[in-house]
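Colleague: Numbering (the working numbering), first residue to last: -9 to 444. So that we are looking at the same thing, I have put the structure below in structure tokens.
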Ligand SMILES: [Zn+2]
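Spelled out as structure tokens, the structure:
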């Protein structure tokens, strides 16, 4: 296995006609060196290519192995996060689908069905985890700069989708500063080849329109929550500058395509190398206890099988109710009704009668069988107990000296608000969609490592 490099093109500028030439330049460079890339298209951009009679570019895109969807209109207000910030989660999922579906259809009709979604700018939203399967896009191709989940050189599953937030190995901005930053950009790829482990992923992020312009197309029109009364194209670089930038991009691809130790992949090829999302095997209580004692409640690989925090709770409940070892767990997703501010655990050392703990285990098993979700709480006696408190109590039953707390380590996989891209310059000033962050923490119950086929 090598280090895997992904090149993602975000093709989004539907206002500056010359941006089409930037797209033509990157496609030509990629074709010249037979380099696989992933092409994320904004719905309004494919429409503008059609209205500019660029059937040649639409046809070339249609031949690419990985087409993505980069939202219907990217930075138009309200952007995705602005639209979903104050809605209840389920309503937000419906809203995501309603507003984005026409864009998916445009991309499908004019280029081909998109396999992945990339958030526009800082608009990573947890509702995508539920909306994307319904839009037939099983991959969320995010990046270290914009994801709410921590940067990871390893693909992960969250709910039913594959999620990528690889480290980004490009200068920021990249294409806009070509050719001046060409050497730096190539050196960054050499560093990735040296520092990463086999099977790690990293990515290159390119906005083709930057080869043509001196400012970001959306900053010109949609900054700080406001929209220009007349949309205007981004200011252009001089003809000479544009040619030099395009030549520098060609030189960049020529250099990086031959760096040893890196295999360049499009996102579908990467996904095809992964074991499909499945249910791991039931573990015995001693193994479960040992794992939680050393790693807390979070994504973990045990005996080559990948478990989410939710899987570990269900495995514990099933083991306690006497399910046979080695059977497959039921598919389990994050709880619907769980808020992380309630993650404080009740006083430790508290013991419960075994019958009470077992009744909680049966509630969990029944709930998962019926809904394929972890319950957020169980009813023990007359009181509602959070799922993590049940887990702590259950483990304490058979290992009273080793597990007085159950750290919720899956929450470590969600960035803290001050690390999120809420300062994206298109958002209104002081935009703080805390509800999106809270729902991300809830969904992280289902987060687990994806694994390569052997
Ligand atoms: Zn974008």
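Where a beta carbon is used, it is the ideal one built from N, C-alpha and C, also for glycine. Quantities reported herein were computed from a predicted structural model and do not represent experimental measurements.
With distances taken Cα to Cα, identify the nearest neighbour of residue 395 among 305, 133, 285 and 139.
Modeller: 285
Colleague: Tell me the rounded alpha-carbon separation between residue 192 and residue 50.
Modeller: 25 Å
Colleague: Between which two residues does the alpha helix (DSSP H) containing residue 31 stretch?
Modeller: Careful: residue 31 lies outside any alpha helix (DSSP H), inside the beta strand (DSSP E) at 28 to 31.
Colleague: Are residue 310 and residue 351 closer than 8 Å when you measure CB to CB?
Modeller: The Cβ-Cβ distance between residue 310 and residue 351 falls below 8 Å.
Colleague: What separation, rounded to the nearest whole angstrom, lies between the Cα atoms of residue 374 and residue 366?
Modeller: The straight-line gap separating the alpha-carbon atoms of residue 374 and residue 366 is approximately 10 Å.
Colleague: Would you give the residue range spanned by the alpha helix (DSSP H) that residue 177 belongs to?
Modeller: It spans 172 to 185 - the alpha helix (DSSP H) in which residue 177 sits, taken as one unbroken run.
Colleague: Quick check on DSSP: helix, strand or coil for residue -1?
Modeller: strand
Colleague: For the segment 84 to 103 against the segment 31 to 46, do three or more pairs of beta-carbon atoms, one drawn from each stretch, fall closer than 8 Å, so that the two count as touching?
Modeller: yes
Colleague: Considering only C-alpha positions, which residue in the set 149, 368 and 182 is nearest to residue 158?
Modeller: 182
Colleague: Report the rounded CA-to-CA distance for residue 339 versus residue 385, giving the unit in angstroms.
Modeller: Model confidence at residue 339 stands at a pLDDT of 49, short of 50, so the residue's coordinates are unreliable; what they give is reported in the following sentence. The alpha-carbon atoms of residue 339 and residue 385 are separated by roughly 11 Å.
Colleague: Return yes when the C-beta of residue 110 is under 7 Å from any heavy atom of ligand 1, and no when it is not.
Modeller: It does: the Cβ of residue 110 is within 7 Å (strictly closer) of some heavy atom of ligand 1.
Colleague: DSSP state of residue 339, grouped into three classes?
Modeller: For residue 339, the pLDDT reaches just 49, beneath the cut-off of 50, and the residue's location in the model is therefore unreliable, leaving the point undetermined.
Colleague: If you compare alpha carbons, which of 109, 214 and 199 is closest to residue 4?
Modeller: Per the C-alpha coordinates, the member of 109, 214 and 199 positioned closest to residue 4 is 199.
Colleague: Since residue 224 and residue 206 are thought to touch, with beta carbons under 8 Å apart, how far apart are those beta carbons, to the nearest angstrom?
Modeller: 7 Å
Colleague: Would you call the CB atoms of residue 298 and residue 436 closer than 8 Å?
Modeller: Their beta carbons are under 8 Å apart, which means residue 298 touches residue 436 by this criterion.
Colleague: Is residue 285 near ligand 1, going by C-beta to nearest heavy atom under 7 Å?
Modeller: Not under cutoff, so the answer is no.
Colleague: Residue 25 to residue 266, Cα distance in whole Å?
Modeller: Inter-residue distance for residue 25 and residue 266 is about 26 Å (C-alpha atoms, whole angstroms).
Colleague: Do residue 69 and residue 113 have their C-beta atoms within less than 8 Å of each other?
Modeller: yes
Colleague: Report the residue ranges of all beta strand (DSSP E) runs contained in full by the segment 187 to 274; include only those spanning at least 3 residues, in chain order.
Modeller: Taking 3 residues as the minimum length, the beta strand (DSSP E) runs contained wholly in the segment 187 to 274 are 191 to 196 and 252 to 255, in order along the chain.
Colleague: Leaving out five residues on either side along the sequence, give the residues of the same chain with a beta carbon under 8 Å from the beta carbon of residue 243.
Modeller: 19, 20, 22, 23 and 25
Colleague: Give the secondary structure of residue 42 by DSSP, where H, G and I count as helix, E and B as strand, and everything else as coil.
Modeller: Three-state result, residue 42: coil.
Colleague: For residue 43, is the classification buried or exposed, using 16 other Cβ atoms within 10 angstroms of its Cβ as the cut-off for buried?
Modeller: Within a 10 Å sphere around the beta-carbon of residue 43 sit fewer than 16 other beta-carbons, which makes this residue exposed.
Colleague: Does the segment 418 to 430 come close enough to the segment 115 to 135 to have 3 or more Cβ pairs within less than 8 Å?
Modeller: Look at the beta carbons and you see the segment 418 to 430 touching the segment 115 to 135: at least three pairs across the two are nearer than 8 Å.
Colleague: Should residue 90 go down as buried or exposed, given a rule of 16 or more other Cβ atoms within 10 Å for buried?
Modeller: So residue 90 ends up on the buried side.
Colleague: Between which two residues does the beta strand (DSSP E) holding residue 58 run?
Modeller: Residues 56 to 59.
Colleague: Please report how far the alpha carbon of residue 15 lies from the alpha carbon of residue 320, in whole angstroms.
Modeller: 49 Å
Colleague: I need the straight-line Cα distance from residue 247 to residue 236, nearest angstrom please.
Modeller: 17 Å
Colleague: So, residue 300 versus residue 370, is the Cβ gap smaller than 8 Å?
Modeller: no
Colleague: Can you find at least 3 beta carbon pairs, one from the segment 403 to 420 and one from the segment 130 to 140, that sit closer than 8 Å?
Modeller: yes
Colleague: Given a threshold of 16 other Cβ atoms within 10 Å of its Cβ, counted over all protein chains shown, does residue 35 qualify as buried or as exposed?
Modeller: buried
Colleague: Mind checking whether the beta-carbon of residue 3 lies closer than 7 Å to any heavy atom of ligand 1?
Modeller: no
Colleague: How many whole angstroms separate the CB atoms of residue 129 and residue 261, which I take to be in contact at a CB cut-off of 8 Å?
Modeller: Confirmed, Cβ separation roughly 6 Å.
Colleague: Hey, is residue 411 close to ligand 1, as in C-beta under 7 Å from one of its heavy atoms?
Modeller: no
Colleague: Is it true that the CB of residue 307 sits closer than 8 Å to the CB of residue 273?
Modeller: no
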